[in-house]
Amino acid sequence: ILYQEYSDVAINREIQRQQGEEPGAEEERLGVEGAGEAPSPSNLSPSSSFCSSRGSAFSLWQDIPDVQTSDQLDNFSNEERKLQEAKFELVTSEASYIRSLAIAVDHFMLSQELGECLGTQDRQWLFSKLPEVKDVSERFLQDLEHRLEEDILRFDVCDIVLAHCPALRRVYLPYVTNQAYQEQTYQRLLQENARFPGILARLEEDPICQRLPLASFLILPFQRITRLKMLVENILKRTTPGSRGEDTATKAFNELKKLIKECNSSVQSMKRMEELIHLNKKIHFEGKIFPLISQSRWLVKHGELLEVDTQTMSISGSKFKLPTRPVYLHLFNDCLLLSRRKE
Numbered sequence: 001i002l003y004q005e006y007s008d009v010a011i012n013r014e015i016q017r018q019q020g021e022e023p024g025a026e027e028e029r030l031g032v033e034g035a036g037e038a039p040s041p042s043n044l045s046p047s048s049s050f051c052s053s054r055g056s057a058f059s060l061w062q063d064i065p066d067v068q069t070s071d072q073l074d075n076f077s078n079e080e081r082k083l084q085e086a087k088f089e090l091v092t093s094e095a096s097y098i099r100s101l102a103i104a105v106d107h108f109m110l111s112q113e114l115g116e117c118l119g120t121q122d123r124q125w126l127f128s129k130l131p132e133v134k135d136v137s138e139r140f141l142q143d144l145e146h147r148l149e150e151d152i153l154r155f156d157v158c159d160i161v162l163a164h165c166p167a168l169r170r171v172y173l174p175y176v177t178n179q180a181y182q183e184q185t186y187q188r189l190l191q192e193n194a195r196f197p198g199i200l201a202r203l204e205e206d207p208i209c210q211r212l213p214l215a216s217f218l219i220l221p222f223q224r225i226t227r228l229k230m231l232v233e234n235i236l237k238r239t240t241p242g243s244r245g246e247d248t249a250t251k252a253f254n255e256l257k258k259l260i261k262e263c264n265s266s267v268q269s270m271k272r273m274e275e276l277i278h279l280n281k282k283i284h285f286e287g288k289i290f291p292l293i294s295q296s297r298w299l300v301k302h303g304e305l306l307e308v309d310t311q312t313m314s315i316s317g318s319k320f321k322l323p324t325r326p327v328y329l330h331l332f333n334d335c336l337l338l339s340r341r342k343e
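The letter at position 281 of the sequence shown is residue 281 when you use UniProt numbering, and the numbering goes up by one with no holes.
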């Protein structure tokens with residue numbers, strides 16, 4: 001099952017948790033059905049050895065044969081089982097995520113036909129650092145799976161998440177920052193590149209995509225980094241207070257929270273800069289040129305007002321007539337710009 005579909009199942013799982021129901025039977029059914037339809041993990045990601053050999057992406061931790069046959073399972077309390085399930089969900093969801101990333105890179109980005117109709121710059125803006133995101137995520141999953149293989153019963157994952165946060169930041173921050181260019185490029189190619197829509201449609205119709213469009217693959221990193229924070233938070237809530245595990249989970253959660261905040265800030269800064277660049281192209285300064293574009297400046301509000309000219313006031317009958325003319329105001333965080341439409 002691809003990550004796009006995994007997200008829907010994860011939502012259903014959370015609803016069942018909140019209702020106090022056992023999600024195991026439903027998830028097991030979904031996992032078996034998905035295993036027959038999804039592309040083989042071994043064909044898409046060399047790092048998915050554990051998940052592909054031990055069951056589907058939605059198998060529960062307690063359903064793994066090595067866990068079921070262990071004589072230690074009966075010693076786990078209900079809360080301890082839930083904690084291990086939360087950790088296992090982080091691993092299986094990462095495997096599902098990488099399967100989708102592999103399709104985005106191998107099927108779409110590396111398509112010879114698609115590459116021939118895209119310029120170098122358009123290809124860069126459309127796919128950005130997606131291969132780097134995939135590489136970092138694969139190494140992340142390799143470490144997670146290795147931890148499971150070391151001790152399937154008492155494994156931890158938050159220390160691995162914490163150790164990989166710098167690498168995640170290195171690739172996620174520029175990818176998310178490129179969002180504005182990515183969206184603009186995608187829409188422009190659909191409208192202006194005659195070959196692009198047809199080639200894209202043929203690629204999307206391939207069974208490997210499971211009827212999912214390219215756009216759903218391009219937004220995966222945005223969804224994953226947020227989902228990863230939620231998964232760690234769920235682990236943190238179930239960890240014993242005051243334990244070393246709680247300390248590690250807290251640090252991992254805070255690092256992911258910090259990364260998401262940086263991503264949001266970077267996207268906002270990029271959008272603000274785009275506004276300034278667009279406005280600078282439209283405004284003509286008479287006399288001294290004002291340096292409108294600045295990293296520390298952003299647009300707060302803008303709109304048209306009417307300027308009253310009291311110098312040319314006239315009387316019409318028994319009424320005063322005040323001439324007006326439109327003035328456009330742009331309020332920035334550090335200055336106010338007044339302009340008029342060029343006649």
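Just so it is clear, CB atoms sit at the ideal spot from N, CA and C, and this is done for glycine as well. As the structure is a prediction and not an experimental result, all values here were calculated from the model.
Check                                                                                                           : Outcome
DSSP-derived helix/strand/coil call for Ser56                                                                   : Caution is warranted here: a pLDDT of 47 is assigned to Ser56, below 50, making its placement in the model unreliable, and no coordinate value can be reported.
Buried versus exposed call for Ile235 [16 or more other C-beta atoms within 10 Å across all chains shown]       : buried
Cβ pair Ile225, Tyr172 closer than 7 Å                                                                          : yes
Backbone CA spacing between residue 429 and Glu274 [nearest angstrom]                                           : In the structure displayed, the chain extends from 1 to 343; residue 429 sits before or after that span and is not available.
At least three beta-carbon pairs within less than 8 Å, the stretch 115 to 133 to the stretch 249 to 262         : no
Limits of the unbroken alpha helix (DSSP H) element including Thr239                                            : Segment: none, Thr239 is in no alpha helix (DSSP H) and carries neither H nor E.
Euclidean distance between Cα positions of Leu2 and Glu116                                                      : 27 Å
Backbone secondary structure at Glu304 - three-state DSSP                                                       : strand
Three or more C-beta pairs below 8 Å linking the stretch 195 to 210 and the stretch 282 to 292                  : no
Burial state of Cys263, where buried means 16 or more other Cβ atoms lie within 10 Å                            : buried
The stretch 146 to 162 / the stretch 63 to 75 touching (three or more Cβ pairs under 8 Å)                       : yes
Every unbroken alpha helix (DSSP H) within the stretch 55 to 122, with a cutoff of 4 residues, ordered by chain : 65 to 68, 78 to 102, 112 to 117
Whole-angstrom distance between Cys158 and Leu168, CA atom to CA atom                                           : 14 Å
Ala167 Cβ short of 6 Å to the ligand SAM heavy atom set                                                         : Questions concerning the ligand SAM fall outside what the structure shown contains, since it holds no ligand whatsoever.
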